[in-house]
Amino acid sequence: MPLKGKIIILRFSAMGDVAMVASVLREFSVQNPEVELFMISRAAFKPFFDEIENLTFHAIEPKTTHKGILGLYKLYSELRKYKATAIADLHDNLRSRVLSTFFRLAAYKIERIDKGRDEKRELTRSENKILKPIKQTVERYADVFRALGFNLKLSHQLVRLVKKIPATAEELFINKAVKRIGISPFAQHIYKVYPYDKMREVIEQLDNLGYEIFIFGGGNEEKVIANGWKNQFKNVKNLIGKFTLREELDIIANLDVMLSMDSAGMHMASLMGVPIISIWGPTHPYAGFLGYGQSLSNCIQIDHPNRPNSIYGNKPCLCGVYPCIDLISPESVVNKVKERVENG
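In numbering that gives the first Met the number 0, the protein residues as written are 0 to 343.
Next comes the structure, spelled out in structure tokens:
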């Protein structure tokens, strides 16, 4: 007989990590339909959880309403109304620990993610590096629910979601015969970004092959770069700043493939069941952050004894004069994208 319960889930950021939580909760919900889920995260990330029926989203406002200790106590008071039976801390940062402490003092059952810091140090250290895959982040999330007593077996399979093209984007999909490629060329940390001159070459070659190219992700500076590509090539569309997150997800669901850095774009496409070609620099898919259901064979990276040297990409490459990501040729990227698009 399936367990019943009400679980409050804490994961406030970053975007890619929250998207991975949604992939896990989607499967948890199917396998544990009697359980009510209450997802606590930033308001902007709510669309990630729209397809999960037995889930209520509750926004944390860390810069205003829920700022500081008093703000977190106010959030705790708000969450008490759900009468939860357990707390799943999938973040393990200062905010989640303070919030969990309030619940612990009220005798709530709490389980917290094991981030595997020792294994990650072994993977990224310069000497005596242990280059092997460590537990995937989604499995670390799943372990928290297992520790709470719930059954959860992740499929690690891409499930393509059928989503209607948003009315605001219908003009982008007029030609039904063409193949469409999303590109998420930016990342929070510059060391994870494929050099713009090389990305331009990739875009030029894909444009010449007749694919339609959609650029996703970024702020005002990235929008300027993407507009430059749009103005140079006839098949390039810059989507930055033009659509809501919900609309972007629905557009991504209608793409043939996504080309991405080790970034949120990879996890958004994974959530919609779209295959990813991903480019890796100082980070590595062995660290556990490969998009859910994605294939290691679609990761583009070079072998070097100093890779990886960073888990999050906030440290520069240690591979020598040229960063390892610079050594990836545009031709290798284009060939991998073409192979994926043509073979389905």
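Glycine is no exception: its CB is placed at the ideal position from the N, C-alpha and C atoms.
The structure presented is a predicted model; accordingly, all values stated were derived computationally and were not measured.
Buried or exposed (CB count within 10 angstroms, at least 16 for buried), residue i
i      : result
Glu338 : exposed
Tyr321 : exposed
Ser22  : buried
Ser269 : buried
Arg116 : exposed
Lys222 : buried
Val161 : exposed
Arg124 : exposed
Asn92  : exposed
Ala43  : exposed
Ala105 : exposed
Ser154 : exposed
Ile173 : exposed
Pro304 : exposed
Leu9   : buried
Asp302 : exposed
Leu295 : exposed
Lys82  : exposed
Nonlocal neighbours in the same chain, by C-beta distance under 6 angstroms from residue i, ignoring five residues either side
i      : result
Asn165 : According to the sequence shown, residue 165 is Pro rather than Asn. So the list reads Glu246, Asp249, once near-sequence residues are dropped.
Phe56  : Met38, Lys45, Phe48
Met14  : Ala263
Met265 : Ser259, Ile275, Ser277, Gly290
Val177 : Glu211
Asn219 : none
Residue i, DSSP secondary structure in three states
i      : result
Lys229 : helix
Gly15  : helix
His266 : helix
Met198 : helix
Asn334 : helix
Gly4   : strand
Arg124 : coil
Gly343 : coil
Leu74  : helix
Gly287 : coil
Ala141 : helix
Asn297 : helix
Arg41  : strand
Lys114 : coil
Leu258 : strand
For residue i, the nearest candidate out of the options (CA to CA)
i      : options                        : result
Arg79  : Ile7, Lys62, Arg25, Lys178     : Ile7
Ala87  : Arg124, Ala58, Phe149, Thr123  : Phe149
Ile214 : Glu220, Asn308, Ser183, His303 : Ser183
Lys128 : Leu93, Arg306, Val332, Lys175  : Arg306
Lys119 : Gln293, Gly292, Ile224, His283 : His283
Ile133 : Val143, Glu121, Glu126         : Glu121
Spatial neighbours of residue i in its chain, beta-carbon cut-off 8 angstroms, leaving aside the 5 residues before and after
i      : result
Val97  : Ile68, Leu71
Lys335 : Ile276, Asn297, Ile299
Arg145 : Leu151
Glu50  : Arg25, Leu160
Ser331 : Ile299
Lys108 : Thr84, Ala85, Ile86, Leu147
Thr136 : Asp16, Met19, Gly287, Phe288
Lys114 : Asp91, Arg139
Neighbourhood of residue i by C-beta, 7 angstroms cutoff - its chain only, sequence neighbours within 5 removed
i      : result
Glu341 : none
Taking 8 angstroms as the threshold, find out whether the region 202 to 212 comes into contact with the region 226 to 234 through three or more Cβ pairs.
With a cut-off of 8 angstroms, the region 226 to 234 and the region 202 to 212 count as touching, because enough Cβ pairs lie within range.
Whether or not the region 312 to 319 and the region 183 to 194 are in contact is what I'm after, with contact meaning three or more pairs of Cβ atoms, one per stretch, closer than 8 angstroms; do they touch?
By the Cβ rule, the region 183 to 194 counts as touching the region 312 to 319, because three or more pairs are nearer than 8 angstroms.
Contact between the region 25 to 38 and the region 141 to 160 (3+ Cβ pairs under 8 angstroms):
Here the region 25 to 38 makes contact with the region 141 to 160; the two share three or more CB pairs at distances below 8 angstroms.
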